[in-house]
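Sequential numbering from 1 applies to the sequence shown in full-length UniProt numbering.
Positions of the beta carbon are idealized from the N, C-alpha and C atoms, including for glycine.
Data block below; observations after.
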Amino acid sequence: MAKPPPPLVQDGLLAVALGAVSFIPGVSAAGMTLGELPHHGIDALAVVLAAAQCLPLVLRRRYPATVLGVVAVAFALYDSIGYTPLAASWGLLPALYTAGTVLGRRWQIGAAVAYLPFVAVLRVRGSHETALEYVTFFVVLAACWGAGAWVRRRRAVDAEAERARIARELHDVVTHHVTAMVVQADAAQYVPGADLSVISDTGRLALKELRHLLDVLHAGPDLKIGELVERAVSTGQPVTLREEGSPELLASGAELAAYRVVQEGLTNAMKHAQGQPTKVNVRYGTSATEIEVLTDGPPVQHSGGHGLDGLKERVSVFGGTVTSGGRPAGGFRLYARIPAKGPRR
1 MAKPPPPLVQ DGLLAVALGA VSFIPGVSAA GMTLGELPHH GIDALAVVLA
51 AAQCLPLVLR RRYPATVLGV VAVAFALYDS IGYTPLAASW GLLPALYTAG
101 TVLGRRWQIG AAVAYLPFVA VLRVRGSHET ALEYVTFFVV LAACWGAGAW
151 VRRRRAVDAE AERARIAREL HDVVTHHVTA MVVQADAAQY VPGADLSVIS
201 DTGRLALKEL RHLLDVLHAG PDLKIGELVE RAVSTGQPVT LREEGSPELL
251 ASGAELAAYR VVQEGLTNAM KHAQGQPTKV NVRYGTSATE IEVLTDGPPV
301 QHSGGHGLDG LKERVSVFGG TVTSGGRPAG GFRLYARIPA KGPRR
């Protein structure tokens with residue numbers, strides 16, 4: 001699939017197209033106008049104003065406010081003089097849309113207020129448009145700005161979701177490895193001649209995961225649940241792993257979610273059930289992947305917190321569920337079910 005041209009090139013093509021069409025016989029007069037003033041022939045000033053309504057669009061993404069100002073003033077002057085409508089006048093619509101994608105309410109109000117003196121000039125110049133026609137034209141302009149404003153809000157929501165996603169990833173990586181390092185350091189105090197290299201290895205692994213965090217976010221990580229269990233065992237946590245089926249049955253993009261479920265479960269085990277037998281059961285099925293992390297020992301009081309809340313949100317993207325709580329015989333259970341299908345749309 002061919003790569004689309006850069007935005008600057010796209011905008012340049014739009015500007016040139018509007019300018020060129022404005023002077024093609026038969027379609028040149030397919031322009032946008034308000035006021036229905038007696039038409040004047042095209043002269044040098046008309047050409048300049050027509051160019052000012054379309055050529056600035058080349059820079060509309062870089063200087064949206066300036067471009068909108070230039071295009072709007074040129075449109076108002078062109079229309080107030082009564083020149084024959086040209087296709088260049090349509091440049092006002094993309095200028096409004098682009099402004100809406102980046103400019104806030106203050107600019108929106110200013111643009112709306114600026115419409116009033118334009119209407120007043122047209123009335124003084126002899127326009128016979130009805131109030132309904134002025135309102136209809138305003139609604140069209142406002143709709144273009146509104147479409148841009150909707151895109152701006154959508155981008156803000158997406159950006160907030162991405163920030164939350166990164167925060168969850170940081171929490172998962174840092175909490176798991178720092179917890180492991182604390183457990184290892186505490187144990188070393190009571191074991192003469194303990195090998196402290198495992199602490200430095202865990203620290204290096206944490207740094208490696210942090211360096212590659214953005215890659216992990218955008219392209220599934222090359223992380224194995226088995227390796228995660230091995231690292232937990234190296235801290236002194238007795239963990240057994242049982243896997244059934246193939247990870248290939250996981251929904252596309254769900255590998256990281258499954259990995260984080262096990263990581264969160266082991267982190268909780270090292271925090272709240274240190275030294276207690278821990279079981280990790282993973283079953284990759286054709287209908288769903290089920291993940292279970294079990295710890296033995298006394299009843300565990302767990303508040304949930306950011307880790308489990310983020311885990312539930314992550315798994316829910318794929319239509320899955322996460323449950324957690326104490327076991328009747330003592331210990332803790334974390335269970336996740338991820339359907340074997342694509343993420344929800």
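- Look at S234 here: in three-state DSSP terms it is helix.
- Inter-residue distance for G236 and A185 is about 11 Å (C-alpha atoms, whole angstroms).
- In this structure, DSSP gives P64 a helical state, which the three-state scheme calls helix.
- Each of G325, Q53, H40, A44 was checked against the Cα of L14, and the nearest Cα belongs to Q53.
- With a threshold of 16 other beta carbon atoms within 10 Å, T66 falls short and is exposed.
- Assigned with DSSP and collapsed to three states, G91 falls in helix.
- Between the beta-carbon of Y83 and that of C144 there is about 22 Å, and that puts the pair past the 8 Å contact cut.
- Here P94 really is in contact with L57; their C-beta atoms are around 6 Å apart, less than 8 Å.
- A contact is defined here as three or more CB-CB pairs under 8 Å, and the stretch 254-261 meets this definition with respect to the stretch 305-322.
- In the structure shown, V16 adopts helical secondary structure according to DSSP, grouped into three states.
- With respect to P238, T278 sits close: the two C-beta atoms are nearer than 8 Å.
- The straight-line gap separating the alpha-carbon atoms of L59 and F318 is approximately 40 Å.
- I24 sits in coil when the DSSP states are folded into three classes, being neither helix nor strand.
- When the five nearest sequence neighbours on each side are left out, the beta carbons in the same chain lying within less than 8 Å of the beta carbon of A273 are those of T295, D296, G297, V300, G331, F332, in order along the chain.
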